[in-house]
Every structure is written in C-alpha cells, then in structure tokens.
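Trainee: Numbering (my numbering), first residue to last: 49 to 267. From the three backbone atoms N, C-alpha and C, an ideal C-beta is built for every residue, glycine too.
(1) Kindly provide the ranges of any alpha helix (DSSP H) runs that are 4 or more residues long and lie completely inside the segment 179 to 207, ordered along the chain.
(2) Quick one: measure Cβ to Cβ for residue 199 and residue 191, integer angstroms, because I've assumed they're closer than 8 Å.
(3) On the CB-based measure, 16 or more other CB atoms within 10 Å of its CB, does residue 86 come out buried or exposed?
(4) Compute the Euclidean distance between the alpha carbons of residue 203 and residue 221, then round it to the nearest angstrom.
(5) With DSSP as the reference, please indicate the residues paired to residue 216 in a beta bridge.
(6) With a threshold of 6 Å on Cβ separation, who are the neighbours of residue 135 within its own chain once the five nearest residues in sequence on each side are excluded?
(7) Quickly, what does DSSP pair residue 144 with across the bridge? List them, please.
(8) For residue 201, which residues of its own chain have a beta-carbon under 7 Å away from its beta-carbon, when the five flanking residues on both sides are left out?
(9) Suppose the cutoff is 8 Å on Cβ atoms and the five residues either side in sequence are ignored; what does the same chain contact list for residue 161 look like?
(10) Rounded C-beta distance between residue 130 and residue 248? I'm assuming under 8 Å.
(11) In its own chain, which residues sit with a C-beta less than 7 Å from the C-beta of residue 89, not counting the 5 before and 5 after it?
(12) Could you give the residue range of the alpha helix (DSSP H) that holds residue 86?
(13) Spatial neighbours of residue 193 within its chain, please: C-beta separation below 7 Å, excluding the five flanking residues on both sides.
(14) Which of helix, strand or coil does DSSP assign to residue 249?
(15) By the DSSP assignment, the alpha helix (DSSP H) with residue 222 in it spans what residues?
(16) Quickly, what does DSSP pair residue 209 with across the bridge? List them, please.
(17) So, for residue 217: in the same chain, excluding its five sequence neighbours on each side, which residues have a beta-carbon less than 7 Å away from its beta-carbon?
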C-alpha cells in the first residue's frame, strides 16, 4: 500500500517548536506533552549522553528538585502545559492537545482525530486499506530509530548524534529511577498543580496511582 505524500505536501507545511503559550492566530496547534517525571528522566539521559563527561547521580536528584521548583530550561512546565490545555478546551478547532501516554496505549484513534483536526480526514477506503496502521508503524519509535539518518546522522550545528534522541520511549520508567521520598513529593506536586483543571497523566502501566489528578479534577 502506498502512502500518498500529497496529503501533507500542500502549503502551509507543519513545523515543530517550543513556542510560548500564546500561539500565532493563523495556524493550528498540535500540542504533545508527556507525564512530567518520564519527561525529566528522558531529558536527563539525553543530556548525559551529550555532556562531555558522564553526569553524577547527585545531578539527577538536584535536577528533580529543580523540576519540583519549576526551574527549567524552557520555562515552567506547568504553566506551559496547563495554558495549552485550557486553550484546547476554549478553542478545540485551534488546539489539539495530545498526551504521549495515550498514544502509546492506542495510537489509531488519535491518528484519526489528528487527521480530522488538520482537515485531511481518512476516507473510508483508506481506513479499510489500513492506512492508519501503516502510518503508526512508520512513525513508531523502532522504525524512526532504525532510519539511516538517525543511526549515523548528526545535528548540523550542534553535532549531537541523532541516535541520542531515541531511548526507550516507555511509560512509567521513572519508577525505577526515583527514590520513595521523592515519589511522594512528586505526587503531591502533581496533585497540587492539576487540582481542578481536569487534566491527568498516566504515570505508569502498573503504578497504583496511574492517573494522578483525577481525584481532584472530579470534585
């Protein structure tokens, strides 16, 4: 089965960015986020791979503390995420809010929603042919990881290896890295920040508090 490139070749073209909370008025925003602790673990390992010398364990713990204090390279995580979450509810035709954990669980309905949001919905024939499943396969972590450009390529200006952008991509890996006292602190922080927002994160496939934020959001 062929994937028709002309579905996305027309102008304007998509771009990836970490733009501020107020988006340009003439474009649609697909906002992708991940639970904050897995996101931090991923970032720490990425920095560790690209740092001149291996990072020490105390830098990991200090980084977690900084995350809890909202001291981050690209600005406070919660203001960014909750800002777009609110905007997606106020202007659903403008902002599509996606969570990495949801896509890991079942990507197909989200691919369908994404296509509809972008104004290029899948036809019944394309669905019957399995186009969404083919796209999911092509865009999987393993597929992208094994592309030649990501196996041997580097970033043009920084020289960072493209392979360092690909790790495990699993949900809940943080439970193997964070000590119990910090877990409690993180739980309290997430419950405080999400509060009555209606937003929740799946923190782990097997973790008892899998969707922190739900209890507060339902009050």
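Mentor: Let's see:
(1) 179 to 186, 189 to 193 and 196 to 200
(2) Looking up residue 199 in the chain shown gives position 151. Looking up residue 191 in the chain shown gives position 143. With a Cβ gap of about 12 Å, residue 199 and residue 191 do not count as contacting.
(3) Taking the first residue of the chain shown as position 1, residue 86 is located at position 38. So residue 86 counts as buried.
(4) Against the chain shown, residue 203 aligns to sequence position 155. Against the chain shown, residue 221 aligns to sequence position 173. Near 27 Å, if we compare the C-alpha coordinates of residue 221 and residue 203.
(5) The sequence position of residue 216 within the chain shown is 168, counting from 1. According to DSSP, residue 216 bridges with nothing at all.
(6) Residue 135 sits at position 87 when you count from the first residue of the chain shown. Hits under 6 Å: 143.
(7) Start at 1 with the first residue of the chain shown, and residue 144 comes out as number 96. According to DSSP, residue 144 bridges with 78.
(8) For this step, residue 201 is matched to residue 153 along the chain shown. If we look at residue 201 and ignore the five residues flanking it on each side, its Cβ neighbours are 210.
(9) Within the chain shown, numbered from 1, the residue matching residue 161 stands at position 113. Answer for residue 161: 144, listed in chain order.
(10) Along the chain shown, read from residue 1 onward, the residue named residue 130 stands at position 82. Along the chain shown, read from residue 1 onward, the residue named residue 248 stands at position 200. Contact doesn't hold; Cβ gap of about 12 Å is too wide.
(11) Reading the chain shown from its first residue, position 41 is the one you call residue 89. For residue 89, where only same-chain residues beyond five positions count, the Cβ hits under 7 Å are 221, 222 and 225.
(12) In the chain shown, residue 86 corresponds to position 38, counting from 1. It spans 84 to 98 - the alpha helix (DSSP H) in which residue 86 sits, taken as one unbroken run.
(13) By one-based count along the chain shown, residue 193 stands at place 145. So the list reads 214, once near-sequence residues are dropped.
(14) Along the chain shown, one-based indexing puts residue 249 at 201. It is a strand residue.
(15) Taking the first residue of the chain shown as 1, we reach residue 222 at position 174. Per DSSP, residue 222 belongs to no alpha helix (DSSP H) and is neither H nor E.
(16) In the chain shown, counting from the first residue as 1, residue 209 sits at position 161. Partner(s): 202.
(17) Numbered from 1 along the chain shown, position 169 holds the residue referred to as residue 217. Around residue 217: 189.
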